[in-house]
Amino acid sequence: MRFISWNVNGLRAVVKKGFEDIFWSLDADFVCLQETKLQEGQISLDLPGYESYWCYAEKKGYSG
Numbered sequence: 169m170r171f172i173s174w175n176v177n178g179l180r181a182v183v184k185k186g187f188e189d190i191f192w193s194l195d196a197d198f199v200c201l202q203e204t205k206l207q208e209g210q211i212s213l214d215l216p217g218y219e220s221y222w223c224y225a226e227k228k229g230y231s232g
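Following the numbering used here, the numbering of the sequence shown begins with 169 at its first residue and continues without gaps.
In structure tokens form, the structure reads like this:
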């Protein structure tokens, strides 16, 4: 079983830099992303075979 914890420091920027290719290359069972700095509706990721659970920031750009 492979568990990945990744501090992305802003998921929108990481998505522009090839997040999905990196994600699939990790071949992980669990992937936890920290500091996504997202508000609801800012991004939509469809990752077949995975369930997503999000906790959105209350303030724009807030990470924690």
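No residue lacks a Cβ here, since even glycine has one placed at the ideal position from N, Cα and C. All of these numbers come straight from a predicted model, not from anything done at the bench.
Pick helix, strand or coil for residue i, following the three-state DSSP scheme.
i: valine 176; result: coil
i: leucine 201; result: strand
i: lysine 184; result: helix
i: aspartate 214; result: coil
For residue i, which option in the options has the closest C-alpha, if you only look at C-alpha atoms?
i: glutamate 226; options: Glu219, Met169, Gln207, Leu215; result: Gln207
i: methionine 169; options: Leu194, Glu203, Gln210; result: Leu194
i: leucine 213; options: Leu179, Asn175, Phe198; result: Leu179
i: phenylalanine 191; options: Leu215, Gln202, Lys205, Gln210; result: Leu215
i: glycine 217; options: Phe198, Lys205, Lys228, Gln210; result: Phe198
Is the beta carbon of residue i sitting closer than 9 Å to the one on residue j?
i: glutamate 203; j: valine 183; result: no
Could you pull the DSSP bridge partners for residue i from this structure?
i: phenylalanine 171; result: Phe198
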